[in-house]
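So the numbering used here is basically just the index in the sequence shown, starting at one, shifted up by 460. All C-beta atoms in this analysis are idealised placements derived from N, C-alpha and C, irrespective of residue type, glycine included. Here the structure is a predicted model, which is why all the values come from computation and not from measurement.
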Amino acid sequence: MTNKAWMVALSVLALALDPLMAGPATQPATQPADQPANPRIWSIWSPPEQGVQLRFLAEQRTWCEDEIPRLRWEVRNLGPREHLTVVDGQRAAQLEVDGIWYQWPGGLRGGTLPDLGVGRSLEDQLLTLSPIWTEATTKELAWAGGMFGFDSKEVRHSLQLKPGTHTLRLGVIAKPSRANTGEGFRVVSPPLPIVVTPIPEPAGDKERPWPPGPKLAQALKEAIFTAGIVSQNSPRPAEPQMPQWIAEALAKAQRAAELAKGTPMETATKELVETLEAGQKSLASDPAAATPALHEVGRKFGTLVRTLSGELPPSPATQKK
């Protein structure tokens, strides 16, 4: 056996023994005195799917309704399949909450493709339970051919976590990193429970400021999707449909900004409106020179996506006068 083969074999053995050496994946009934009251909680490793395993971590077990829960996931390849890759981050993942599957809309998905050869792992991947998660169909979940699931223009029901206990599972797609090396396949984690506790509801029908309620979440997603079309086509400002795209994005962004007043999303939506207005003005005066202004739309669009998804902390809520 060659040195390389011995190294691969030892790596696989170490990964296989890891859960046995680590002990139980769940927290013991009696916590040590120095353990935090709201500890991290791991799911166990999933059964191997063609040698690939997945597990899930909640940064804490209990969350308040005005928080966006933050989780982590990791995946490893025990073999024998070589030349695999998994899209990192949360944008190409699939999330099940209480039996309903969600995923990021197609136009917002993507990420890098790190190598997941035998003995390798992908660790500490952030996933947040934000309103950007959108209901998915069975057909979309079964589709393992690429990163994009459905048309970004189609806005579906957003994830909204109510007080109570919620059961989560995560699905990721493992794909061949080389041509003609097999088909992609889906790996699903074991279930992981979290608890969401209530906060006092504001008087009347006013929505809580954070995380966004259904009305604001929908408006923000519509603004993001339409601004994303402008951003994706920013290198081609002379595109005949660009004036229509930017006008639609501006209208959606203005509506979202109006609903976001007094919330942590106010600054991000206001900046997107201002950038779209500047892009529209530049496009009207000289389409050939509008690319820098449209690139700025992409930058503000990205900030809004990361804020809504919980990847960036929201700005403090502005108090209405």
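Is A518 helix, strand or coil by DSSP?
The residue you call residue 518 lines up with position 58 of the sequence shown. Three-state result, A518: strand.
Buried or exposed for S769, please, with buried defined as at least 16 other CB atoms from any protein chain shown within 10 angstroms of its CB.
Within the sequence shown, numbered from 1, the residue matching residue 769 stands at position 309. Per the 10 Å Cβ criterion, buried.
Given S772, which residues of its chain have a CB within under 6 Å of its CB, disregarding the five upstream and five downstream residues?
Taking the sequence shown and counting its residues from 1, one reaches residue 772 at position 312. The sequence given here places Leu at residue 772; Ser does not occur at that position. Taken in chain order, the residues that qualify are R766.
Could you say which of S590, R536 and E595 lies nearest to L576 if we only look at CA atoms?
Residue numbering aside, residue 576 sits at position 116 when the sequence shown is read from its first letter. Of S590, R536 and E595, the residue nearest in Cα terms is R536.
Out of curiosity, what's the CA-to-CA distance linking S637 and H543?
For the purposes of this step, residue 637 is taken as the residue at position 177 of the sequence shown. For the purposes of this step, residue 543 is taken as the residue at position 83 of the sequence shown. Rounded to whole angstroms, S637 to H543 spans 5 Å at the Cα level.
Quick check on L573 - is its C-beta less than 8 Å from some C-beta in chain C?
Within the model displayed, chain C is absent; a lone protein chain is all it includes.
Name, in chain order, the residues that DSSP records as bridge partners for A634.
Looking up residue 634 in the sequence shown gives position 174. Looking at the DSSP assignment, A634 forms a beta bridge with V546 and F645.
Rounded C-alpha distance that separates R715 from A738
The residue you call residue 715 lines up with position 255 of the sequence shown. The residue you call residue 738 lines up with position 278 of the sequence shown. For R715 and A738, the distance between alpha carbons rounds to 17 Å.
List the endpoints of the continuous alpha helix (DSSP H) containing E525.
In the sequence shown, the residue the question calls residue 525 occupies position 65. Where E525 is concerned, there is no enclosing alpha helix (DSSP H), given that its DSSP letter is neither H nor E.
Curious, which full-length alpha helix (DSSP H) runs of at least 4 residues does the region 694-721 contain?
702-719
Alpha carbon to alpha carbon, what distance is there between R530 and L586?
As a position in the sequence shown, residue 586 is number 126, starting the count at 1. As a position in the sequence shown, residue 530 is number 70, starting the count at 1. Spanning the two alpha carbons is a distance of roughly 7 Å.
Opposite G624 in the DSSP bridges: which residues?
In the sequence shown, the residue the question calls residue 624 occupies position 164. Paired residue(s): V656.
Within this structure, are the beta carbons of E525 and P658 separated by less than 8 Å?
In the sequence shown, the residue the question calls residue 525 occupies position 65. In the sequence shown, the residue the question calls residue 658 occupies position 198. Result yes, Cβ atoms of E525 and P658 sit closer than 8 Å.
Simplified DSSP state of L582, which is helix, strand or coil:
Along the sequence shown, one-based indexing puts residue 582 at 122. If DSSP states are grouped into helix, strand and coil, L582 belongs with the strands.
Report the CB separation of W523 from V656 in whole angstroms; it is logged as a contact under 8 Å.
Taking the first residue of the sequence shown as 1, we reach residue 523 at position 63. Taking the first residue of the sequence shown as 1, we reach residue 656 at position 196. So it is a contact: roughly 5 Å between Cβ atoms.
Taking Q510 as the reference, give the member of K635, P747, L676 and L719 with the closest Cα.
The residue given as residue 510 occupies position 50 in the sequence shown. Measuring from the Cα of Q510, the nearest candidate turns out to be K635.
Starting from T588, follow its DSSP beta bridges and name the residues at the other end.
Sequence index remark: in the sequence shown, residue 588 carries index 128 (1-based). T588 is bridged to R530.
How big is the Cα-Cα spacing for V512 and F645?
Residue mapping note: residue 512 aligns to position 52 of the sequence shown, counting from 1. Residue mapping note: residue 645 aligns to position 185 of the sequence shown, counting from 1. Their Cα atoms are separated by approximately 10 Å.
Proximity to S503 [Cα-Cα], best of A713, E643, R696 and R629:
Translated into the one-based positions of the sequence shown, residue 503 becomes position 43. Measuring from the Cα of S503, the nearest candidate turns out to be R629.
Per DSSP, what are the beta-bridge partners of T594 in this structure?
The residue given as residue 594 occupies position 134 in the sequence shown. Per DSSP, Q563 and S618.
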